Amino acid sequence: MSRAFSKAVVIGASSGIGESIAKRLSADGAHVALVARRKEELERVREGLVNRDSARVYAHDTSHFDEVPELFDRIVKDLGGLDLLVYAAGVMPKIDEGEYSFEKDRQMVEVNLLGAMAWMNPAAARFEAQRGGTILGISSIAGERGRRGNPAYCTSKAALTTYLESLRNRVSRYGVNVVTIKPGFVDTRMTRGMKGLLWLISPDEAAETSLAVAHDGSSPVAFVPARWWLVALIIRWIPSFIFRKLNL
Amino acid sequence: MSTALRTHAPRKVFDGFGRAVLASSRYAAPESADELATVVQQARSEGLSVTFRGSGRSYGDASLNGTGLVVDGTRMDRMLSWDPVSGVAEVEGGLTIEGLWRRTITDGYWPHVVPGTMFPTMGGCLSMNIHGKNNFKAGPFGEHVLDFDLVTPEGERIRCSREENADVFYAAIGGLGLLGAITRVRVQLHKLASGLLRVDPCAVGSLGEMFDEFEARLPHSDYLVGWVDCLSTGAAIGRGEIHQANYLTKEEDSLGAVGFHTERQTLPTRILGFPKDKLWLFMRPFFNNPGVRLINTAKVLSARRNHGKKYLQSHVGFAFLLDYVPNWRLAYGAAGFIQYQVFIPAKEARAAMEDILRMSQEVDLPSYLGVLKRHRPDAFVLSHAVDGYSLALDYRVTPRTREALWALTRRLTERVLAAGGRFYFAKDAVLDAEQVRAAYGEERLAKFRAMKQRLDPNGVLVSDLGRRALGL
């Protein structure tokens, strides 16, 4: 079923895929609420939107979970409803070889996972009651296996993927679409400085594909670009005793 | 509560019993009147609106609050005292009709007024001032309430009776939960001579015939209810079946006190050979126009066959027809149904109700269930009862027909208003504030608003129904 979005909130809209999704939604005529930690960055994004007058900015740190219920209500009221929630906030601090930092781990779990739950809970309740709506979560190919490079990041994305699946199974019967996007490498601040990234795409490309999947409504999980599906299939089947020897 | 409700109260999706209207809300489920008062006070301090909810048996949005806090009262379900000599029960607001009758029937007492289901709470029964199949004789539930406690958003606990705070008594009964929470109720029950009723079924060939039978039977009936086939047309429009029930005297009942045992007061476990828990699944394919036409035809034939064949039935079996098939509301499908119950003065009722059936058929949106009852006026501020008849109509909602159905109800409402009729808020999902003003009159509404201003000056108690139908 094809869905058009007219009232959307994008969490993590100040950069990367979130910024590109906000731009695309605005270009398509949607009223967009931009949510991110840095207000000046949000203002910069808003200035660049096609329909900047129909966009609003809301400064919010996704790890401040207590703020979410009220902020969610305020956004719904300001937009006059809601039919799309995009959770694109994510962090991946660099973890050095031999480094074990609970602070960094906690930050990833809070921003990548718990923040998503804090936002998706009220959205799912609202969408279930209105018998429609779309929740789009930006997960990652990194959630497919536990790679040695960044245990907490892989954990947070694997958990987000499972959470989105559960949520989908819970609300799809009420006409609510829950979409899991699993991008590969995207040229954002998160990947800046990394060398030899396979199939690197721009945030705009990732946004376009993500929204196309959400619009279409027929596929609940999508790899971006699609060829990462094959990679995911292969790495899922690599036996653990081999996987741990690979430098992934 | 130490944490803020706005930030920490969990959210839940609530539906009206008809499932055609829903809302997600923050919610709390206090276990005592004190805890409830604390929750409401905190909501008030946070600027959060509050709606009270019992068992969620109102068909529309009476217990929904899309922008605030729903306070679930069902944990406050204790029976505080029971006097089998006087037949007076003192109960908490969350106790259900079932909880009440199960305790009192063995002593030979039955509530004066019960609805078609045993699951509504006492708080809900009072707030909606429910009626039963004996409204013409026993009046609404509120007439049998001796006194109750009302906890207001200002933190007051007001004891209300006909002598004490009588103005609050008459406004809060039928006050839609918008004046305060009913946390304690003392109610007078009816002393039975027998655990059985004598039921006299009567097939009627048209709505006109049904009205004639009602009028003829009223003087010597204890209960009277009519099933209306809303798909019948022409001269047979509104055909159906009447069930008249009368209390048995002690002498007429060979069972004696055994009839009061709860194992004698039961609903069937199987219906048409099906386990009743799964019957709604079997019903679902028939909940469309051809299917209901088929079922209604079968019911009419059965009614003709059983015409005049009197039988004895337990109070539970006669009263709680809606509980025969658990989850029957699911048979209406994902988009649910609305119930639209109109109350029309006796003189106008027959013509107006025939018009309503005809208007529904003309747009191919017939009601799948019609129930006729006789009523009499009462003294409560927001009373829905008139000296006349009510027709309760269940309309299936689908995404395709929803808009047309709402448009139909607008036209039906005009017809009801032209006949001097009213509506029942426990069933309503469609009226707007202007229609309610026309139905209830400015004087009654002003009286209710003045009471609300007195008890809830900050407008804390608001429901989706209150917003839609009363402009709160």
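Chains A and B supply the protein sequences, listed in that same order. The letter at position 182 of the first sequence is residue 182 when you use this note's numbering, and the numbering goes up by one with no holes. So the number in this note's numbering is just where the residue sits in the second sequence, counting from 1, plus 248. Even for Gly, the Cβ is constructed at its ideal location relative to N, Cα and C. Please read all numbers here as calculations on a predicted model, not as lab measurements.
Residues of chain A with a CB under 9 angstroms from the CB of residue 255/B: which are they?
65, 66, 67, 68, 69 and 70
Cross-chain neighbours of residue 272/B in chain A, by beta carbon under 8 angstroms
122, 125, 126, 128 and 129
Could you give the DSSP three-state label for residue 199/A: helix, strand or coil?
Here residue 199/A sits in coil by DSSP.
Buried versus exposed, by CB contacts within 10 Å (16 or more), residue 401/B
buried
Given a cut-off of 8 angstroms, decide if residue 455/B and residue 598/B are closer than it, judged by their beta-carbon atoms.
The answer is yes: Cβ separation under 8 angstroms.
Thinking just about the alpha-carbon of each residue, which of 58/A, 219/A and 54/A is nearest to the one in residue 80/A?
54/A
Starting from the N-terminal side, write out each stretch of the alpha helix (DSSP H) that is 4 residues or longer and does not extend beyond the segment 298 to 379 of chain B.
Counting whole runs of 4 or more residues, the segment 298 to 379 of chain B contains the alpha helix (DSSP H) stretches 345 to 352 and 370 to 376.
Rounded to whole angstroms, what's the CA-CA distance from residue 242/A to residue 144/A? Just pull it up for me.
Straight-line Cα distance between these residues: approximately 16 angstroms.
Kindly say whether residue 648/B, judged by its beta-carbon, lies nearer than 8 angstroms to any beta-carbon of chain A.
Closer than 8 angstroms: no.
Is the beta carbon of residue 8/A less than 8 angstroms from the beta carbon of residue 32/A?
Closer than 8 angstroms, so yes.
Check whether the Cβ atoms of residue 345/B and residue 374/B lie closer than 8 angstroms to each other.
no
So with CB distances below 7 angstroms, who are the chain A contacts of residue 292/B?
By Cβ distance, chain A contributes nothing, its closest Cβ being about 16 angstroms from residue 292/B, past 7 angstroms.
Buried or exposed for residue 275/B, going by 16 or more other Cβ atoms inside 10 Å?
The Cβ neighbour count for residue 275/B, taken over all protein chains shown within 10 Å, is at least 16; the residue is labelled buried.
Based on DSSP bridge pairs, tell me the residues matched to residue 626/B.
Assignment of beta-bridge partners to residue 626/B by DSSP yields no partner.
Helix, strand or coil for residue 210/A? Go by DSSP, reduced to three states.
helix
Delimiting residues of the alpha helix (DSSP H) encompassing residue 44/A
39 to 47
Determine the contact status of residue 328/B and residue 338/B, defining contact as a CB-CB distance below 8 angstroms.
Contact flag set, yes.
Taking the alpha-carbon positions, what's the residue 319/B to residue 272/B distance?
About 13 angstroms.
With DSSP run on the structure shown, which of helix, strand or coil describes residue 436/B?
Note: residue 436/B maps to strand in three-state DSSP.
Per-residue burial, residue 701/B [other beta carbons within 10 Å of its own, 16 or more giving buried]:
Exposed is the call here.
Looking at the secondary structure, which residues open and close the beta strand (DSSP E) in which residue 593/B lies?
585 to 593
Cα-Cα separation, residue 200/A to residue 186/A:
5 angstroms
Whole-Å CB distance - residue 183/A paired with residue 140/A, under 8 angstroms assumed
6 angstroms
I think residue 708/B touches residue 291/B, with their Cβ atoms under 8 angstroms apart; what is that distance to the nearest whole Å?
7 angstroms
What would DSSP say about residue 513/B, mapped onto helix, strand or coil?
coil
From the DSSP secondary-structure annotation, give me the bridge partner or partners of residue 489/B.
451/B and 475/B
Under 8 angstroms, Cβ to Cβ, is there at least one residue of chain A near residue 249/B?
Legend: pLDDT at residue 249/B = 44, less than 50; position of this residue unreliable, value from coordinates given subsequently. For residue 249/B, the answer is no, since every Cβ of chain A falls outside 8 angstroms of its Cβ.
Where does residue 224/A fall in DSSP's three states?
strand
If contacts are defined as beta-carbon pairs under 8 angstroms, then residue 179/A and residue 214/A qualify, I think. What distance do you get, rounded to the angstrom?
5 angstroms
Taking 8 angstroms as the CB-CB cut-off, is residue 259/B touching chain A?
The C-beta of residue 259/B comes closer than 8 angstroms to at least one C-beta of chain A.
Determine the extent of the alpha helix (DSSP H) in which residue 133/A is found, giving its start and end residues.
Run containing residue 133/A: none in the alpha helix (DSSP H); it sits in the beta strand (DSSP E), 133 to 138.
Give me the DSSP bridge partner(s) of residue 408/B.
396/B
Is it right to say residue 634/B is buried, meaning 16 or more other beta carbons lie within 10 angstroms of its own, or is it exposed?
buried
Whether residue 485/B touches residue 663/B by CB criterion (8 angstroms)
no
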